[in-house]
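J.: One structure coming up, written as structure tokens, with questions to follow.
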Amino acid sequence: MTESKPVLLSGIKPTGDLHIGNYFGAMRQFVELTKEGKYRTFIFVADYHALNTVQNAQEMRQRTRELAMAYLAVGLDPKKVVFFKQSDMPAHTELAWIFDTITTMPYLMRAHVFKDAEAKNKEISVGSFNYPMLMAADILLYDTNIVPVGQDQKQHIEYARDTAEKFNRIFKTDIFKLPEPYVLSEVAIVPGTDGQKMSKSYGNVIPLFASRDELAKCVMSIVTDSSGKRPKNVYEIHTLVRSEDELKKIYEEHHGNYKILKELLIEDLDRYLAPIRAKYESLKDDPNIVEEVLTNGAREARAVSEAKMEQVRRAIGVTI
Ligand code: ADP
Ligand code: TRP
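Shown next, in the form of structure tokens:
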């Protein structure tokens, strides 16, 4: 029975266009993990978290669709994974409120995200301040055992653990399980076209769904550094799509001929990304597929989260 498997859950914010750094650094590992079949898996689009920054209906809709399609295109299987939208689950915000009432301001003020915003003198919304409580609710509603996240999110899992313990203690119950973080290994820090870490904020990305022409443009703009044996940035990106054994030979053979090496990289990147791009395009052509997947996911997630919410309401005494 799938129900007896440990539970894996993670949320993804619909912000920004995806690039190959996101794919090789995070999405691929993530999808592999869900394919193993070891876990009962819940993955959701964290649109209410994104609302702290994405405050335009058209943009929210588009980013949500694109993110869902991107994950389906890179291999997330909706038959094996409960894939849903956070805003379709009223229990998340309801439980977040309940957690707010047992959480203190000084405790939330210790969150890195809050401290960074404060250090930069940035105005911070109440939603951003309470971000860890909504995330705790996301996680705890599903009896989650493990949460795959990037290193930067580890503190939020600790907040979820603390909050589960505190709730259980105050209301003399054991309804919340303590989740563990599963930090995705930073196997690949993918360099951008300028040699810095590839990031949408640096404008140095190779988009995951780039056409061949766009790929060519990006690759041709990669800054070549001739100080070493081979052009470092070109080579490092190349290792993502071709074995080092083969590459060593190729780079020796074409030593110093950056144009040919870049053309080969375009070729290899294009071959690697073509099936993902084709899947993405075919999903785009089917206007109902995203709705269908998310609606099915919501049905399953709702059954789980509502059952937990009933236990919570009983534990705090709002059911009479
Ligand atoms: P960006 O830096 O473009 O804003 P995000 O912060 O949205 O990217 O990253 C989303 C996920 O993709 C994170 O888990 C992050 O670790 C991974 N990621 C982003 N850029 C890279 C990169 N250049 N190399 C490896 N992983 C990356
Ligand atoms: N905060 C996460 C991020 O920025 C996204 C997220 C929201 C999440 N809720 C979650 C991740 C629950 C894991 C579990 O990447």
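Here the sequence shown stands for residues 4 to 323, numbered as in this note's numbering.
Beta carbons are placed, not taken as given, at the ideal position from N, Cα and C, and that holds for glycine.
All figures in this text were calculated on a predicted structure; none of them were measured in a lab.
Indicate, with yes or no, if the ligand TRP has a heavy atom lying under 6 Å from the CB of Ile142.
T.: yes
J.: Within the present structure, is the beta-carbon of Lys200 separated from the nearest heavy atom of the ligand ADP by less than 6 Å?
T.: yes
J.: Leaving out the 5 sequence neighbours to the left and right, which residues in its chain are closer than 8 Å to Met63 when beta-carbon positions are compared?
T.: Pro17, Asp50, Ala53, Leu54, Val57
J.: Could you tell me the distance, in whole angstroms, from the CA atom of Gln158 to the CA atom of Gln89?
T.: 21 Å
J.: State the beta-bridge partners of Tyr254 as determined by DSSP.
T.: Paired residue(s): none; Tyr254 is not in a bridge.
J.: Would you mind working out which of Arg316, Thr322, Val321, Gly28 sits nearest Leu144, comparing C-alpha positions?
T.: Of Arg316, Thr322, Val321, Gly28, the residue nearest in Cα terms is Arg316.
J.: Just mark Thr5 as buried or exposed, buried being the case when its beta carbon has 16 or more other beta carbons within 10 Å.
T.: Reliability fails at Thr5, whose pLDDT of 48 lies under 50, so the model's placement of it is uncertain and no value is given.
J.: The ligand TRP and Ala49: does the residue's C-beta get closer than 6 Å to at least one heavy atom of that ligand?
T.: Checking the Cβ of Ala49 against the ligand TRP gives yes.
J.: Quick one: grab the DSSP three-state call for Lys232.
T.: coil
J.: Mind pulling the alpha helix (DSSP H) runs of 4 or more residues that sit fully within the segment 135-197?
T.: Runs of the alpha helix (DSSP H) inside the segment 135-197: 157-173.
J.: Between which two residues does the alpha helix (DSSP H) containing Phe102 stretch?
T.: 93-104
J.: Decide if Tyr238 is buried, meaning its Cβ has at least 16 other Cβ atoms within 10 Å, or exposed.
T.: buried
J.: What does the Cβ neighbour count give for Lys252, buried or exposed, with the cut at 16 atoms within 10 Å?
T.: Under this definition Lys252 is an exposed residue.
J.: Who are the near neighbours of Lys180 in its chain, counting only those whose CB is closer than 8 Å to its CB and skipping five residues on each side?
T.: Leu143, Asp146, Thr147, Asn148, Ala167
J.: Could you check whether Ile225 and Lys173 sit closer than 7 Å to each other, using their CB atoms as the reference points?
T.: First, the residue type needs correcting, since residue 173 is Ile and not Lys in the sequence shown. No, they are not a contact pair.
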